[in-house]
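Residue numbers (the numbering used here): 12 to 148. Built from N, CA and C at the ideal position, the CB exists for glycine as well. See below for the structure under consideration.
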């Protein structure tokens with residue numbers, strides 16, 4: 012590997028998992044109330060089925076960790092996740108914030124990585140990753 016190649020090992024963020032769990036819990040409470048107060052049985056069944064479908068899709072589309080992300084010569088990015096190294100396509104909709112980096116990998120909303128500082132080895136690695144990903148900012 013050349014001296015100017017950089018790579019990072021990314022693991023699931025505990026903070027992001029807690030936020031996801033909280034959002035799913037609030038959605039579940041809303042669904043239960045909607046089913047309870049629904050005027051007809053078919054509305055209750057359709058709302059409950061929609062929630063079940065959303066939960067199944069969320070769990071099927073989660074990334075398997077760990078993910079290796081790397082940069083080669085500042086020209087191209089790659090990912091390695093349960094397969095050989097592949098180019099990483101970073102699409103519009105990616106976000107950089109002080110505490111969060113969202114990498115949108117395609118036009119589909121479920122194909123994104125939400126990376127926080129606790130996804131990396133330490134805070135310095137996260138800052139180094141942000142600086143490499145967005146050198147112009």
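Using 8 Å for Cβ pairs, my map puts residue i next to residue j. What's the rounded Cβ distance?
i: residue 17; j: residue 82; result: 5 Å
i: residue 66; j: residue 45; result: Going by Cβ atoms, the distance from residue 66 to residue 45 rounds to 15 Å, so no, they are not a contact pair.
Quick one: grab the DSSP three-state call for residue i.
i: residue 136; result: helix
i: residue 80; result: strand
i: residue 99; result: coil
i: residue 119; result: coil
i: residue 92; result: coil
i: residue 69; result: helix
i: residue 28; result: helix
i: residue 141; result: helix
Rounded to a whole number of angstroms, what is the C-alpha to C-alpha distance between residue i and residue j?
i: residue 110; j: residue 124; result: 14 Å
i: residue 130; j: residue 24; result: 5 Å
i: residue 63; j: residue 20; result: 32 Å
i: residue 48; j: residue 42; result: 10 Å
i: residue 116; j: residue 88; result: 12 Å
i: residue 56; j: residue 86; result: 51 Å
i: residue 141; j: residue 52; result: 50 Å
i: residue 79; j: residue 118; result: 22 Å
i: residue 134; j: residue 54; result: 48 Å
i: residue 145; j: residue 39; result: 37 Å
i: residue 102; j: residue 114; result: 8 Å
i: residue 97; j: residue 120; result: 20 Å
i: residue 50; j: residue 36; result: 23 Å
i: residue 105; j: residue 99; result: 13 Å
i: residue 132; j: residue 143; result: 16 Å
i: residue 34; j: residue 138; result: 27 Å
Does the distance between the C-beta of residue i and the nearest non-hydrogen atom of the ligand GTP fall short of 8 Å?
i: residue 106; result: Among the components of this structure there are no ligands whatsoever, and the ligand GTP is therefore not found.
Please state if the CB of residue j and the CB of residue i are separated by a distance shorter than 9 Å.
i: residue 27; j: residue 127; result: yes
i: residue 69; j: residue 93; result: no
i: residue 95; j: residue 22; result: no
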